[in-house]
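Chains A and B are the protein sequences, given in the same order.
Just so you know, the working numbering puts 37 at position 37 of the first sequence, and the rest follows in order with no gaps.
Just so you know, the working numbering puts 162 at position 162 of the second sequence, and the rest follows in order with no gaps.
Beta carbons are placed, not taken as given, at the ideal position from N, Cα and C, and that holds for glycine.
One structure is given here, and the rest of the page talks about it.
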Amino acid sequence: MARESRTSPIRVLIAKPGLDGHDRGAKVVARALRDAGMEVIYAGLRQTPEDIVESALEEDVDLIGLSILSGAHMVLFPRVLALLKKRKAGRVPVFAGGIIPDEDARRLRRLGVKAIFGPGATLEEIVRTARSIARPRP
Amino acid sequence: MTAAPRMPAAARAVRAGDRRALARLISQVENRDRSAEPTLRALYPFAGHATIVGLTGPLGVGKSSLVNALLRHLRAQDHTVGVIGVDPSSPFSGGSVLGDRIRIDRDPADSGIFFRSMASRGHAGGLAASTREVTRLLDAFGMDVVLVETAGSGQVDVEVGRVASTNVVVLVPHLGDEVQSLKAGLFEIADIFCVNKADLPGADGAARYLSELAGLTPRSDAWRPKVVQASAVNGTGIEALWSAVEAHESYLKTSGQDRALLRERIRDEVLDLYRDRLLTEATDRLERSPELDALVTAVEERSLDPRSAAERLYRGRSAGRGG
Ligand SMILES: Nc1nc2c(ncn2[C@@H]2O[C@H](COP(=O)(O)OP(=O)(O)OP(=O)(O)O)[C@@H](O)[C@H]2O)c(=O)[nH]1
Ligand SMILES: [Mg+2]
Chain A
1 MARESRTSPI RVLIAKPGLD GHDRGAKVVA RALRDAGMEV IYAGLRQTPE DIVESALEED
61 VDLIGLSILS GAHMVLFPRV LALLKKRKAG RVPVFAGGII PDEDARRLRR LGVKAIFGPG
121 ATLEEIVRTA RSIARPRP
Chain B
1 MTAAPRMPAA ARAVRAGDRR ALARLISQVE NRDRSAEPTL RALYPFAGHA TIVGLTGPLG
61 VGKSSLVNAL LRHLRAQDHT VGVIGVDPSS PFSGGSVLGD RIRIDRDPAD SGIFFRSMAS
121 RGHAGGLAAS TREVTRLLDA FGMDVVLVET AGSGQVDVEV GRVASTNVVV LVPHLGDEVQ
181 SLKAGLFEIA DIFCVNKADL PGADGAARYL SELAGLTPRS DAWRPKVVQA SAVNGTGIEA
241 LWSAVEAHES YLKTSGQDRA LLRERIRDEV LDLYRDRLLT EATDRLERSP ELDALVTAVE
301 ERSLDPRSAA ERLYRGRSAG RGG
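Spelled out as structure tokens, the structure:
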């Protein structure tokens, strides 16, 4: 039966950390991932790193996508990554979307963020990347 | 008692409160991963203690918001709570956006709550095929209460009536004609009607109307459905809603209905599993048989009709059994 790695849908958590109050972009990405056959757990706005990590663990996701516009990415992303490690879930890949300056993006990649999408990224690009970085099922 | 066989590590982890082990096991159940079966078997005896409450109702009536309010209420009384939020899978892509979590506002460090979203994965009736089994895992994990929110795909989903012991049908004021058009079976499964969004006008009328209708609808037991008004956003009526759940649960116990219900469900489940197994086996065998091709050709040429073709396959199956 569905024992082989990818006969089951990819489960992905989409959340929006930080205090800025609109999530249109995150919703558009969520729908695109759904249309690509993924199960998208949409956690919504104002999620703390603790909220995000707990949701990711309970939902047993293969991927986490975080959207952020508020400029607090250099605080929030490292915190999410550190918490994931602490909960022994450091292997769950994280990708990011938002307005993130190049220098910050480089640093976030070094910290372990797998992919970063700016405002110009296409949905196809995001879907393709999401599919390729999602954690394979054991 | 006979000596218990050694429990699989995953089962021991779940019993010890390991949330990740639980999360992974739920995925295996969703994915029908047969390697999880020994773990499920080992956990079965530990389930059977949780109160399973279904929340069903049309799209957007506030089911998740009520779950959120109930979580607060139940945690204040020290009850541990598992939640399953079901949303539909797209029939086109197979994907899904699971949005019930948006309404949940809780302390992420509170280990007395475990929330899991499930996509229906093509299963009809507002649940996923494996929702019942996941309910059982949350039960065996030690949750006192398990809340199951159905997909709410426009109609009232009645299948949760076969999973939960108390079923809450959530509606909103100004339902008037809507109630008439709700799927048959609604009044049979509703142990409680909750008129949510009672902060909006029209709730009293809606509640009165529902009480009347509920009184007119015959049930197979002596329970008279309760009607409560609530506002999930203001937090009013939540206590009354939970009291109604408790009243129904104690009715089940004192009337002996709980045992009857349990027996009926176990019977259903065993039969379902047996049917699944038979069907899979029979279809697998058939799809490999050259006989099917020959019969399809015969029907195509109209030298045989479909019913007779099926009959021959069926007889061939019985005959093939001996060998
Ligand atoms: N005025 C009012 N609005 C409410 C109340 N409860 C929920 N809502 C609003 O109703 C909308 C839908 O709420 P949800 O809790 O997501 O409803 P749901 O039934 O879970 O929705 P689905 O899962 O999509 O079927 C949200 O905008 C809520 O804020 C209430 O008591 N009063
Ligand atoms: Mg909901």
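Measure the alpha-carbon distance for residue 135 of chain A versus residue 94 of chain A and round it to whole angstroms.
10 Å
is_contact[residue 124 of chain B, chain A] using C-beta, thresh 8 Å
no
Presumed contact (8 Å Cβ cut-off) between residue 41 of chain A and residue 11 of chain A, rounded CB distance:
7 Å
From the DSSP output, read off the bridge partner residues of residue 166 of chain B.
B:53
Is there at least one Cβ from chain A nearer than 8 Å to residue 108 of chain B's Cβ?
Taking a beta-carbon distance threshold of 8 Å, residue 108 of chain B counts as an interface residue toward chain A.
Spatial neighbours of residue 201 of chain B within its chain, please: CB distance less than 7 Å, with the 5 preceding and 5 following residues excluded, ordered by chain position.
173
Mind listing which residues of the stretch 82-101 of chain B have their C-beta closer than 7 Å to chain A's C-betas, in chain order?
90, 93, 94, 95, 96, 97, 98, 99, 101
Considering only heavy atoms of ligand 3, does any lie closer than 7 Å to the CB of residue 30 of chain A?
Of the ligands one can find in the structure shown, namely ligand 1 and ligand 2, none is ligand 3.
Please list, in chain order, the residues of the stretch 19-37 of chain B that have any C-beta partner in chain A closer than 8 Å.
19, 20, 23, 24, 26, 27, 30, 31, 32, 33, 34, 35
Determine the burial state of residue 167 of chain B: buried for a count of at least 16 other Cβ atoms within 10 Å of its Cβ, exposed for fewer.
buried
Own chain residues within Cβ distance below 6 Å of residue 227 of chain B, not counting five before or after:
193, 207, 210, 211
Unbroken beta strand (DSSP E) runs of length 3 or more, entirely within the stretch 66-132 of chain B: which are they?
81-87, 96-98, 113-119
Closest Cβ-Cβ distance between residue 34 of chain A and chain B: below 8 Å?
yes
Skipping 5 residues on each side, what residues in its chain have a beta carbon closer than 6 Å to that of residue 223 of chain B?
Here the set comprises 251.
Check this for me: beta carbons of residue 54 of chain B and residue 164 of chain B, under 8 Å apart or not?
yes
Report whether the distance from the Cβ of residue 31 of chain B to the nearest heavy atom of ligand 1 is below 7 Å.
no
With a threshold of 7 Å (Cβ to nearest heavy atom), would residue 167 of chain B be considered close to ligand 1?
Not one heavy atom of ligand 1 is found less than 7 Å from the C-beta of residue 167 of chain B.
Does residue 321 of chain B come out as helix, strand or coil in the three-state DSSP assignment?
Any answer about residue 321 of chain B is weak, because its pLDDT of 48 lies below 50 and its placement is not dependable; what the coordinates show is given next. Here residue 321 of chain B sits in coil by DSSP.
Between the Cα of residue 241 of chain B and those of B:263, B:303, B:169, B:26, spot the shortest distance and give me the residue it belongs to.
The residue among B:263, B:303, B:169, B:26 with its C-alpha nearest the C-alpha of residue 241 of chain B is B:169.
If you measure from the CB of residue 231 of chain B, is any heavy atom of ligand 1 nearer than 7 Å?
yes
Segment contact, 8 Å Cβ cut-off, at least three pairs: the stretch 76-85 of chain A with the stretch 39-48 of chain B
No, the stretch 76-85 of chain A does not touch the stretch 39-48 of chain B.
Examine the Cβ distances between the stretch 20-37 of chain A and the stretch 103-113 of chain B and report whether three or more of them are shorter than 8 Å.
No: the two stretches stay apart, fewer than three of their Cβ pairs being nearer than 8 Å.
Below-8 Å beta-carbon distance, residue 8 of chain A vs any chain B residue
yes
By the criterion of Cβ-Cβ separation under 9 Å, what are the contact partners of residue 50 of chain A in chain B?
107, 108, 109
Collapsed DSSP secondary structure at residue 203 of chain B in the structure displayed
Assigned with DSSP and collapsed to three states, residue 203 of chain B falls in helix.
Looking only at its own chain, which residues have a Cβ that is under 8 Å from the Cβ of residue 51 of chain B, when we skip the five neighbours before and after it?
144, 145, 146, 165, 166, 245, 249
May I ask you to check if the CB of residue 94 of chain B is nearer than 7 Å to at least one heavy atom of ligand 1?
no
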